[in-house]
Amino acid sequence: MSRRLISTGSPLEKSVGYSRAVIDGGFAFVAGTTGYDYTTMTMPSDVTSQSRNCFKTIAAALKEGGFEMADIVRATYYVTDASSIDAHFAVCGEVLGDIRPAATLLVVSALAKPEMKVEIEVTAKRRSV
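Residues in the sequence shown are numbered from 12 upward in steps of one, following the numbering used here.
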């Protein structure tokens with residue numbers, strides 16, 4: 012299987028030089044994904060909504076690449092405020108509670124824009140049928 016690039020159509024993907032996801036063989040590598048609602052091109056103010064939007068974008072990229080959320084084997088979370096960890100983890104539990112990938116959470120001083128409160132990146136491995 013050849014390498015395949017998945018795009019959300021964001022102009023940043025071309026100007027910055029990245030893909031939302033790269034499919035390579037049986038793996039999907041999903042780039043750091045922030046909480047934009049791509050339908051409205053807005054960023055919600057709360058970490059819960061941002062986390063849900065991250066997973067929605069990730070799920071769409073995985074689906075386009077022929078993967079499912081259940082294929083996720085690794086997740087890395089970046090949050091900008093330690094006080095929002097519980098709210099973020101509640102969403103992680105809703106989405107990944109049965110999948111339970113290896114995961115790491117980092118509290119960082121900032122993300123690319125001040126309104127960004129969470130960023131999630133994942134790796135998925137296609138399961139054998």
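Yeah, the Cβ is synthetic: ideal placement off N, Cα and C, and Gly gets one too. What you are looking at is a predicted structure, and each value in this text was computed from that prediction instead of being measured.
Asked                                                                                                                              : Found
By alpha-carbon positions, which one of 81, 117, 121, 22 ends up nearest to residue 105?                                           : 81
If we call anything under 8 angstroms between Cβ atoms a contact, is residue 131 one with residue 69?                              : yes
Of all the options 31, 102, 66, which has the alpha carbon lying nearest to the alpha carbon of residue 59?                        : 102
Do you know how far the Cα of residue 31 is from the Cα of residue 129?                                                            : 16 angstroms
For the alpha helix (DSSP H) containing residue 7, name the first residue and the last one.                                        : With the chain covering only 12 through 140, there is no way to say anything about residue 7.
Can you tell me whether residue 90 is buried or exposed, with buried defined as 16 or more other CB within 10 angstroms of its CB? : buried
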